[in-house]
Each structure stands twice: as C-alpha cells, then as structure tokens.
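Student:
There are 2 protein chains.
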Amino acid sequence: MPIPARVRGATVWLTGLPSAGKSTLAGLVADGLSASHPVEILDGDEVRRSFFPELGFSPADRDENVHRVGRLALLLARHDVTVLVAVIAPYRDARDRMRQLHAQAGVPYAEVWVDAPVDVCAERDVKGLYAMACRGELTGLTGVDGPYEPPTGPELHLRTDRDDVVACTAALARLVDRLTTGHLDLADR
Amino acid sequence: MPIPARVRGATVWLTGLPSAGKSTLAGLVADGLSASHPVEILDGDEVRRSFFPELGFSPADRDENVHRVGRLALLLARHDVTVLVAVIAPYRDARDRMRQLHAQAGVPYAEVWVDAPVDVCAERDVKGLYAMACRGELTGLTGVDGPYEPPTGPELHLRTDRDDVVACTAALARLVDRLTTGHLDLADR
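Taken in sequence, the protein lines are chains A and B. Here the first sequence is numbered in our numbering, starting from 85 and rising by one per residue. Here the second sequence is numbered in our numbering, starting from 85 and rising by one per residue.
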C-alpha cells in the first residue's frame, strides 16, 4: 500500500493561444482539486486588472507580466498552494526564466502546452479577440499578428482540438497530482 | 486542557511612520512563528519593487498601493498564511477599506499601530529618508511634509519609543496567535 504523500505546493503554467482552453481547463481542475488541495488560479486578465493594470501588450510588457505572475505564483506555491497559471506567455525565454525561478526556490513547476490550431481558437473566440483583430481593432494578437513560440519541452502537451475536455482535464489533474505529491520525475515526460 | 485550535490565515497590518519599527517587528515575529505557522512578510518597499514599480508616492498612488498589497495579503491569508504587512498606509480610509475587504472574505484581520514620535523615528532614520527630506531631496515624506492619519481603533497600539523591542514583539506575537487560532474577539481590544 503506498504511503500517502503530503500535498505540497506547485506552479503549473498553462501556456497557449487565446481561446486554446487554458482558463477552462484550469477551472475544471481547480474545481476537482479544491477539496483536497489549496488551489489558486492566476488568470491572465484578472491578475493584470487587479495587480498590474499599467502593463500593456508590447513584448517587454508581456515579459514583465509573465515575470510578475511567476513571482506571485511562487509566493503562493511556497506556502503549499497549487497554483494554476492561465497566461498566454508567448515567449519561450520568459517561460524558461519562470521555470528557473521555481527551480532555484525548490518549488515544483510544470509547463503545460494547451494547444489548438489558430483557426480552431479563432472559431471559439471566447473573448471576441480574434473578431476584433479581424476588424483591425486590435493589433499584436498572439497567433494572428503577434508571435507565439511553442514550448519545446512541456511536461504535458494537450491538444484541445483533438481530445475532448474530459480527457484533457483528466490528464492535467494527473499531472498536478504527481507534481504535488512528489511523484513526478522527468521520465514521466 | 484547551483543545488545540487549527492555525488559520490572517492579515496583520502594521501601520506607522517610516522607522517606527514595522519591518523590524514583523521580522522578529515571523522568525518566532515560522516553525508553527506559514508566515509571509509583505514589506512595503520590496512589494512595490517586485510587483508595483509603476506606483509612486502621490496620495492616489499610495492608496492604490495599499489596495493592491491588501488584495495580495488576502490572497495569501485565504490559504492559511499569516501575513504580516509592513506598509505605512498613511490614510485611514484606505486602511478601513482593507479591513472591510477581509471582513467580506471572512478572513481575520487586525491593525497594529506601530507608533513612535516623529523625532524618534527621524533619529533612527533606518533608510536615511528623514535626512533626505531634511536636505530637500525628498518631499511628501510621511510624518514630515506628508500626512499620517493615526488609527482610531487599532487592535494593538505599540509604543516603540517607550516599550522595548522584546515587549513589543511579544505583544504582537500574542495578537497573531489569538487571531490565527480563533481566540481574538473585540473584547480583547
């Protein structure tokens, strides 16, 4: 019989295009875990509005947003909170720095690529951003006229266009469980 | 024999003039508690630098800083962290709003007035701010040419000019203990 492991904090960064399913999956997993884990979702739009409203969407501001959200996640994860970050984080370098920040602090960290082709995301268009970009009311939208550098070594790669939401949620929940009970190692990739 | 109460999160806001002793007392209490409580210090200068570097020291920016620090404290305290906030927070209205924010969330909150006369604080001048103000290199310093609205109903009033650091630390630790184990009521004031 396995010895029950203590639940420890972790940061799980869900990166991907707008409308790829980051917030949806974070919400579903958080609902499922909240009875057993202290869980917090750091949702891109909400965190910006609440804490960093000065930051815009230039490359430098996006990086700065990622760094601040990462520090906030670490602050919570160090106190045994499971932090699900739902932030696009288009640049690989900024994401890698958040991984390093957590490694230096000895706090578990995983990157999840919430992946769907841009045409699928544009069809979902949860927040109407793709429509705005199409009408020329918005520039620099990630995946349209703003870059997205795909993860090269994510702990989990979810294809939300191919796999249904139940399967994606289950895969993410398993990752969180392994990470927060200390059973994730690199061989799991 | 009393039943041991579960430790729950709380926000304890240490308000007072620069060099009144806020960070010192927060540090000493945190050191003493960290074995039994998850503790986080939100120190004014550090939090600004890390999360809100855009904010200055105008009345509006000071209020916004207090609101953001308060929301950050609540985020942590909701996950059972004991949060010691060491931020001047010169305006009563902004402080009262942070108290209300915590009350609405059902999270324990206490205000601690870390009090010493301005001449004592200026003599300590831990960060050299009073000297800068004296030389005309800094304007709007709280207690000099910036207002400080004293608390009217703090849960604890520490006179760091009269009482030694051991006594002040002990009083603050007792408050935190009552607050986080559910034994603080208004009759304790």
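Cβ coordinates follow ideal geometry from the N, Cα and C atoms, glycine included.
Considering Cα atoms alone, identify which of Ala157(A), Val123(A), Ala110(A), His121(A) is closest to Ser134(B).
Tutor: Locating residue 134(B) in the second sequence gives position 50, counting from the first residue. Of Ala157(A), Val123(A), Ala110(A), His121(A), the residue nearest in Cα terms is Ala157(A).
Student: Taking any Cβ of chain A, which residues in the segment 155-179 of chain B have a Cβ under 9 Å from it, in chain order?
Tutor: If the cut-off is 9 Å between Cβ atoms, the segment 155-179 of chain B has Arg155, Leu156, Leu159, Leu160, Arg162, His163, Asp164, Val165 near chain A.
Student: Mind checking the segment 119-152 of chain B against chain A and listing, in chain order, the residues whose C-beta falls within less than 8 Å of any C-beta there?
Tutor: Listed by position, the residues of the segment 119-152 of chain B near chain A (Cβ gap below 8 Å) are Pro122, Glu124, Ser134, Phe135, Phe136, Glu138, Arg152.
Student: With which residues is Glu124(A) paired in a DSSP beta bridge?
Tutor: The sequence position of residue 124(A) within the first sequence is 40, counting from 1. For Glu124(A), which the question treats as bridged, DSSP gives the partners Val167(A).
Student: Is it right to say Glu124(A) is buried, meaning 16 or more other beta carbons lie within 10 angstroms of its own, or is it exposed?
Tutor: Reading the first sequence from its first residue, position 40 is the one you call residue 124(A). With 16 or more other Cβ atoms within 10 Å, it is buried.
Student: Can you tell me which of Arg176(A), Ala215(A), Ala194(A), Arg243(A) puts its alpha carbon nearest to the alpha carbon of Pro231(A)?
Tutor: If you number the first sequence from 1, residue 231(A) lands on position 147. The candidate whose alpha carbon is nearest that of Pro231(A) is Arg176(A).
Student: Buried or exposed, going by whether 16 or more other CB atoms sit within 10 Å of the CB of Asp115(A)?
Tutor: Along the first sequence, one-based indexing puts residue 115(A) at 31. Classification of Asp115(A): exposed, given that the 10 Å Cβ count is below 16.
Student: Could you confirm whether any beta carbon from chain B is found closer than 8 Å to the beta carbon of Asp272(A)?
Tutor: Start at 1 with the first residue of the first sequence, and residue 272(A) comes out as number 188. The predicted position of Asp272(A) is uncertain, since its pLDDT is 43 and thus under 50; a value taken from the coordinates is nonetheless stated next. It does not: the Cβ of Asp272(A) has no partner Cβ on chain B nearer than 8 Å.
Student: Quick check: the segment 165-181 of chain B against the segment 202-214 of chain B, are at least 3 beta-carbon pairs closer than 8 Å?
Tutor: The segment 202-214 of chain B vs the segment 165-181 of chain B: no contact.
Student: As a quick exercise: from Glu195(B), Tyr214(B), Arg155(B), pick the residue whose alpha carbon is nearest that of Pro235(B).
Tutor: The residue labelled residue 235(B) in the question sits at position 151 within the second sequence. It is Glu195(B) whose Cα lies nearest to the Cα of Pro235(B).
Student: For Asp245(A), which residues in the same chain have their Cβ closer than 7 Å to its Cβ, ignoring the five residues on either side in sequence?
Tutor: Along the first sequence, one-based indexing puts residue 245(A) at 161. Closer than 7 Å at Cβ, skipping near neighbours: Ala200, Pro201, Val204.
Student: Under 8 Å between the Cβ atoms of Val169(B) and Leu160(B)?
Tutor: Stepping through the second sequence from its first residue, residue 169(B) is reached at position 85. Stepping through the second sequence from its first residue, residue 160(B) is reached at position 76. No, they are not a contact pair.
Student: I need the straight-line Cα distance from Arg146(A) to Pro192(B), nearest angstrom please.
Tutor: Along the first sequence, one-based indexing puts residue 146(A) at 62. Along the second sequence, one-based indexing puts residue 192(B) at 108. Approximately 35 Å, taken between the alpha carbons.
Student: Cβ of Pro174(B) within 8 Å of Cβ of Thr95(B)?
Tutor: Within the second sequence, the letter at position 90 stands for residue 174(B). Within the second sequence, the letter at position 11 stands for residue 95(B). Their beta carbons are not under 8 Å apart, which means Pro174(B) does not touch Thr95(B) by this criterion.
Student: Any C-beta of chain C sitting closer than 8 Å to the C-beta of Ala161(A)?
Tutor: The structure shown contains no chain C; its protein chains are A and B.
Student: Looking only at DSSP bridge pairs, what is Glu195(B) linked to?
Tutor: The residue you call residue 195(B) lines up with position 111 of the second sequence. DSSP, once it has assigned bridges, lists Trp97(B) as partnering Glu195(B).
Student: Tell me the DSSP secondary structure of Gly230(A) in three-state form.
Tutor: Your numbering for residue 230(A) matches position 146 in the first sequence. In the structure shown, Gly230(A) sits in a strand (DSSP, three-state: E or B).
Student: Could you give the DSSP three-state label for Leu222(A): helix, strand or coil?
Tutor: For the purposes of this step, residue 222(A) is taken as residue 138 along the first sequence, with counting starting at 1. Here Leu222(A) sits in coil by DSSP.
Student: Which residue or residues does DSSP assign as beta-bridge partners of Arg181(B)?
Tutor: If you number the second sequence from 1, residue 181(B) lands on position 97. Partner(s): none; Arg181(B) has no beta bridge.
Student: Should Thr264(B) and Val91(B) be called a contact, given that it needs their Cβ atoms to be closer than 8 Å?
Tutor: As a first step, residue 264(B) must be located in the second sequence, where it is residue number 180. As a first step, residue 91(B) must be located in the second sequence, where it is residue number 7. Yes. Within cutoff.
Student: So what does Leu240(B) bridge to, in DSSP terms?
Tutor: Counting from one through the second sequence, the residue named residue 240(B) turns up at place 156. Val196(B).
Student: On the three-state DSSP scale, how would you describe Phe141(A)?
Tutor: Within the first sequence, residue 141(A) is the residue found at index 57, counting from 1. Three-state DSSP puts Phe141(A) in coil, outside helix and strand.
Student: For chain A, find out if any of its Cβ atoms is closer than 8 Å to the Cβ of Thr265(B); answer yes or no.
Tutor: Numbered from 1 along the second sequence, position 181 holds the residue referred to as residue 265(B). It does not; no Cβ of chain A falls within 8 Å.
Student: Is Ser118(A) helix, strand or coil when you go by DSSP?
Tutor: As a position in the first sequence, residue 118(A) is number 34, starting the count at 1. Ser118(A) falls in the coil class under three-state DSSP.
Student: Quick one: residues in its chain with C-beta nearer than 6 Å to the C-beta of Asp127(B), no 5 flanking neighbours on either side, listed in chain order?
Tutor: Position 43 of the second sequence, counted from the start, is the residue given in the question as residue 127(B). Excluding sequence neighbours, Asp127(B) sits near Ser107, Ala170.
Student: Below 7 Å CB to CB, which residues in the same chain sit around Arg162(A) once its five sequence neighbours on both sides are set aside?
Tutor: Numbered from 1 along the first sequence, position 78 holds the residue referred to as residue 162(A). Correct list, in chain order: Gly93, Ala189, Val191.
Student: Once DSSP output is grouped into helix, strand and coil, what is the label at Ser35(A)?
Tutor: With chain A represented from 85 up to 273, any question about residue 35(A) goes unanswered, as that position is not in the structure.
Student: Going by C-alpha distance, which of Val198(B), Pro137(B), Gly105(B), Glu130(B) is nearest Glu233(B)?
Tutor: Residue mapping note: residue 233(B) aligns to position 149 of the second sequence, counting from 1. When each option's Cα is compared against that of Glu233(B), the closest is Val198(B).
Student: Taking all protein chains shown into account, do 16 or more other C-beta atoms lie within 10 angstroms of the C-beta of Pro238(A), making it buried, or fewer, making it exposed?
Tutor: Within the first sequence, the letter at position 154 stands for residue 238(A). By the neighbour-count rule (16 or more Cβ atoms within 10 Å), Pro238(A) is buried.
Student: Need the endpoints of the alpha helix (DSSP H) that Arg208(A) sits in, please.
Tutor: Translated into the one-based positions of the first sequence, residue 208(A) becomes position 124. Where Arg208(A) is concerned, the enclosing alpha helix (DSSP H) stretches over 202-208.
Student: Looking only at C-alpha atoms, which of Leu259(A), Leu242(A), Asp248(A), Arg262(A) sits nearest to Gly100(A)?
Tutor: Residue 100(A) sits at position 16 when you count from the first residue of the first sequence. Nearest option by C-alpha distance: Leu242(A).
Student: Helix or strand or just coil, what does DSSP make of Gly154(A)?
Tutor: Locating residue 154(A) in the first sequence gives position 70, counting from the first residue. Three-state result, Gly154(A): helix.
Student: By the three-class DSSP mapping on this structure, what secondary structure does Arg132(B) have?
Tutor: By one-based count along the second sequence, residue 132(B) stands at place 48. Helix.
Student: Check Ala173(A) in the structure and name its three-state DSSP category.
Tutor: Start at 1 with the first residue of the first sequence, and residue 173(A) comes out as number 89. In the structure shown, Ala173(A) sits in coil (DSSP, three-state: anything other than H, G, I, E or B).
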